[in-house]
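The structure appears below as structure tokens.
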Amino acid sequence: QVQLVESGGGLVQAGGSLRLSCAVSGRISGINAMGWYRQAPGNGRELVARISSVGSTTYADFVKGRFTISRDKNTVSLQMNSLNSEDTAVYFCNVITYTIPLENYWGQGTQVTVSS
């Protein structure tokens, strides 16, 4: 069974930083993209950042220059700087495989709260 375990969420003041990490375990082969999504109350889930198997990155416009995604083997991290109240949300780790059919896994989510 594949598990994605997130850590690093919490409460931070505006302008502060947090680092989220997601460790993937279990029987999983051919990890392709790894990413972070977020969902604020009353909103849909949206992409924050994604990193491919070869290190290519994609960022949402609202985090460019503030967040950095990285990966090391089966772990993906998100360094979040200059946080503001609009970054308050539940952050979810996501993994997609190369397999056919592809497999799509989600973490349980970690709360990030930015106080102004």
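In this text, residue positions in the sequence shown follow this note's numbering: the first is 3, and each later residue adds one.
Built from N, CA and C at the ideal position, the CB exists for glycine as well.
| message | Under 8 Å: do the segment 10-19 and the segment 49-64 share three or more Cβ pairs, one atom per stretch? | response | Contact fails: fewer than three Cβ-Cβ distances are below 8 Å.
Going by other Cβ atoms of all chains shown within 10 Å of its Cβ, with 16 needed for buried, is leucine 22 buried or exposed? For leucine 22, the number of other beta carbons within 10 angstroms of its own is at least 16, and it is reported as buried.
C-beta contact flag for cysteine 24 and glycine 109 at 7 Å = Their beta carbons are under 7 Å apart, which means cysteine 24 touches glycine 109 by this criterion.
Proximity to glycine 37 [Cα-Cα], best of Val114, Asn45 and Thr60: Closest by alpha carbon: Thr60.
- Item | Contact with chain B by glutamine 81, beta-carbon distance below 7 Å | No chain B appears in this structure, which consists of one protein chain only.
**Asked** Short check: CB of leucine 104 to CB of glycine 18, under 7 Å?
**Response** Not a contact, by the Cβ cut-off of 7 Å.
Got a sec, what are the start and stop residues for the beta strand (DSSP E) isoleucine 33 sits in? For isoleucine 33, the uninterrupted beta strand (DSSP E) run begins and ends at 33-41, by DSSP.
Going by DSSP, what residue range makes up the beta strand (DSSP E) through valine 97? Counting along the chain, valine 97 sits inside the beta strand (DSSP E) bounded by residues 91-99.
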